[in-house]
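There are 2 protein chains.
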Amino acid sequence: MTINEIAKLADVSRATVSRYLNNGYISEEKADRVKKVIAQTGYVPSTQAQQLRTKKTKLIGVILPKINSESISRIVAGISLILSEHGYHLLLANTDNDEKKELEYLQLFQDNRVDGIILVGTIFTKEHKKLMKELPIPVVVLGQHVDGYSSIYHDDFGAAEAVTDLMIAAGGKHFGLIGATIRDVAVGQERRDGCLTRLKQAGISIDASAVREAAFSSESGYAMTKELMMTHPQIDSLFCATDSMAIGAIEYLKESGKRIPQDVQLIGFGDSKMGKVVEPKLTTVHLSYKTSGEEAAKIILELLSQRSETVREIKLGYRIVEGKSLRSL
Amino acid sequence: MTINEIAKLADVSRATVSRYLNNGYISEEKADRVKKVIAQTGYVPSTQAQQLRTKKTKLIGVILPKINSESISRIVAGISLILSEHGYHLLLANTDNDEKKELEYLQLFQDNRVDGIILVGTIFTKEHKKLMKELPIPVVVLGQHVDGYSSIYHDDFGAAEAVTDLMIAAGGKHFGLIGATIRDVAVGQERRDGCLTRLKQAGISIDASAVREAAFSSESGYAMTKELMMTHPQIDSLFCATDSMAIGAIEYLKESGKRIPQDVQLIGFGDSKMGKVVEPKLTTVHLSYKTSGEEAAKIILELLSQRSETVREIKLGYRIVEGKSLRSL
DNA sequence: TGAAAATATGAAATGGATTTCATATGTGGA
DNA sequence: TCCACATATGAAATCCATTTCATATTTTCA
């Protein structure tokens, strides 16, 4: 079934059928005829032909660093919620933390496969920016603040400061920090700096060798905590850049006979399900990932509708979720 | 940049450029010319025009019951892994466990928006089957066994039998079962039946009122366990259809002063991260979700390539992951 | 050496819609 | 009553590639 056949059957021109479908001028009489024919035939316009003609795909490319992660799936849930309300669909691209793939996808999506891109970012290189500059479609960056681009990000620095304050208030004297790669500005750099800033302000010194980098996994958190505690057994407060790392840390600490929080207190980031289940419950930072997904979707819709070049930036707040991994508050 | 401009610049016909792009007959000389022009202009063929002409989108629609779940994200990771290797992309559709939405998406994807569909299923109604029968593109069902369709599913029944045996061997006498809705054949029915079958064979009776249904969440697991233990305080073995439910159960049991596994032993399904972190570690069934995603992707690729109408069915095995939630094994 | 097969190329048809252009009619306001 | 404007319609152009058809040239092999 094509629009031509419908036109013939309804005895109108192809243009009239198109107008019926797109709310153009059409008389009631012909509208009825077309309606009837379409109902009878079950005709559905060819998406490809429409896309070719209108240059719109109703698709948003979502580039993800990984797919199998609680925070990511919350983000995607948020994006999907808003976009599907507006008739858009998600084209997923999983880069598995591979920068090359990320660039590949940016390029692939370039040639109007999608109407816009939401890039859930970790690391931004010059190449990223260069490619993004050339993109003829709107991009929204999620999770990182990138100058010159619409971005939704979290107050990682502020949140890190806040939890550090809590640990200080709870009597933390000897700190350890398990962070992420500083190439990841939000998770690695901001969170680390927020913590170090407050420690400094509070006059608490922290050895450079007590500041470590782990991968985004509990296994890595476990290993790093082990190294850290071996060399710095006096540590009584541990700042972990993600819940996964904190979970690994808890595991090691318990194994090595440390009591949490009496001997060592610690915090994480992400408000993950794991953190609610672990013993003791993890005190963590809630970063409303779902909301950030929703906001990113809203912005991309805005950019698509008005074709405005405005750069919008949204910094989302945080909420500290109290568990039992800190000493008395 | 269109193929026309490239053709003009390279002083060949449009067809020759197309042949260059699609490995048709072309002389070295002209190939070089075209190659050079394409390199200079950065020309990329229009996806929409290609799609219109070739009727292929290189897109696979993936219909998910929800997006924010560990098992689902593992499945998607598996699908994505295989499909991206073959140049396909994922078009995501999240139904939020809404049957209507599921049918909508099946219908939406129908008109060659995608080349094939992977339906991660929970509940199958007559309407599902009717719609699927009409689909002009291949469908693979994941997670449920549906007669007449290619499907990848897990040995839910066998796994349920196996863990029930374990609980019996560990001295379980009074059983409780927290299942999922039996409309979900795999998770609700098969797992329940596997358990009940073995209990019966072992001569262990279980009260109908000790067989409950919970939603797919720890909160619901908590609530159901509470109800169950109120009415059946003698229960010493609890079969939970999912890890989430089991996590909720553990929470309630601990709160109510029961020791796990001494007073009550229990198992879950899913081998989730939460289950590894909870105290005591959950004994659970590993269902290789990622593998099932991969297999589903492979099958859809097969169906796409040879256009064979063959129905393929793959039943995946299981592996019991020992935690500490069962009495001595 | 001659016929069949492989290689090479361009013109034109094709896919299926939307949109512009031209034209016609109906309607409201001055 | 006349002009401007909204409404209504179809023919034809357009979007941008792939593919078929026709035709020409080279190779290959008997």
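Keeping their order, the protein sequence lines are chains A and B.
Per the working numbering, residue 7 is the first one in the first sequence, and the count goes up by one each step.
Per the working numbering, residue 7 is the first one in the second sequence, and the count goes up by one each step.
We treat Cβ as the ideally placed atom computed from N, Cα and C, and that holds for glycine.
As the structure is a prediction and not an experimental result, all values here were calculated from the model.
Residue pairing for B/E319: DSSP places it in a beta bridge opposite B/S157.
The C-beta of A/K279 comes closer than 8 angstroms to at least one C-beta of chain B. For a Cβ distance threshold of 7 angstroms, residue set D117, N118, R119 of chain A lies close to B/T53, ordered along the chain. Annotation: B/A99 is outside any alpha helix (DSSP H); the continuous beta strand (DSSP E) that includes it extends over 95-100. Contacts with chain A at 8 angstroms (Cβ-Cβ) include B/R80.
One finds V68, V82, S86, H95, L96, L97, L98 in chain B with Cβ atoms closer than 9 angstroms to the Cβ of A/L98, taken in chain order.
At a cut-off of 8 angstroms between beta-carbon atoms, B/V283 makes contact with chain A.
Residue ranges of uninterrupted beta strand (DSSP E) with 3 or more members, entirely inside the stretch 187-223 of chain A and ordered along the chain, are 217-219. Residue contact check for A/V43 against chain B: no CB pair falls below 8 angstroms. Here DSSP, grouped into helix, strand and coil, assigns A/S262 to coil. Look at A/G178 here: in three-state DSSP terms it is coil, with no helix or strand label. Sequence-distant partners of A/M7 (beyond 5 residues in either direction) whose C-beta falls short of 8 angstroms from its own C-beta, in its chain, are T47, G48, Y49, V50.
Runs of the alpha helix (DSSP H) lying entirely within the stretch 51-77 of chain A and spanning at least 4 residues, in chain order: 53-60. One Cα belongs to B/G164, the other to A/I273, and the distance between them is close to 41 angstroms. Interface residue (Cβ-Cβ distance to chain A less than 8 angstroms): B/I123 is not classified as such. Looking at the backbone, the Cα of B/S90 and that of B/I66 are separated by about 10 angstroms. B/L98 places its beta carbon less than 8 angstroms from that of B/V68. B/L137 is outside the set of residues whose beta carbon lies under 8 angstroms from a beta carbon in chain A. Non-local beta-carbon contacts of A/V327 in its own chain, meaning distances under 6 angstroms to residues more than five positions away in sequence, involve D277, T290, H292 in chain order.
The continuous stretches of beta strand (DSSP E) do not include B/I305, which lies in the alpha helix (DSSP H) extending over residues 295-312. B/P267 is the residue among B/A302, B/R325, B/V40, B/P267 whose C-alpha sits nearest the C-alpha of B/S334.
Taking 8 angstroms as the upper bound for CB-CB distance, A/V146 and A/I124 are in contact here, some 5 angstroms apart.
The Cβ of B/Q57 sits closer than 8 angstroms to at least one Cβ of chain A. In the DSSP annotation of this structure, the continuous segment of the alpha helix (DSSP H) that includes B/G281 starts and ends at 279-283. Excluding its 5 nearest sequence neighbours in each direction, A/V23 has C-beta neighbours in its own chain below 6 angstroms: I9, I12, A13, V40, listed in chain order.
Note on geometry: alpha-carbon atoms of A/I241 and A/L332 lie some 14 angstroms from one another. Taking 8 angstroms as the threshold, the shortest C-beta distance from B/V327 to chain A does not fall below it. With 16 or more neighbouring CB atoms inside 10 Å of its own CB, A/N100 falls in the buried class.
Distance between A/A216 and A/R119, taken at the CA atoms: about 47 angstroms.
DSSP places B/I256 within a helical segment (H, G or I) once states are collapsed to three. For A/T22, the secondary structure class from DSSP, reduced to helix, strand or coil, is helix. Beyond the five residues adjoining it in sequence on each side, B/Y31 comes within less than 8 angstroms, by CB distance, of R25 in the same chain, given in chain order. Among the residues of chain A, those whose CB is under 8 angstroms from the CB of B/V50 are Q116, D117, following chain order. Using a Cβ-Cβ cut-off of 7 angstroms, B/I73 is close to S79, V82, A83, S86 of chain A, given in chain order. Per DSSP, the beta bridge partners of A/L125 are A/I69, A/V147. A contact is defined here as three or more CB-CB pairs under 8 angstroms, and the stretch 226-239 of chain B meets this definition with respect to the stretch 248-267 of chain B.
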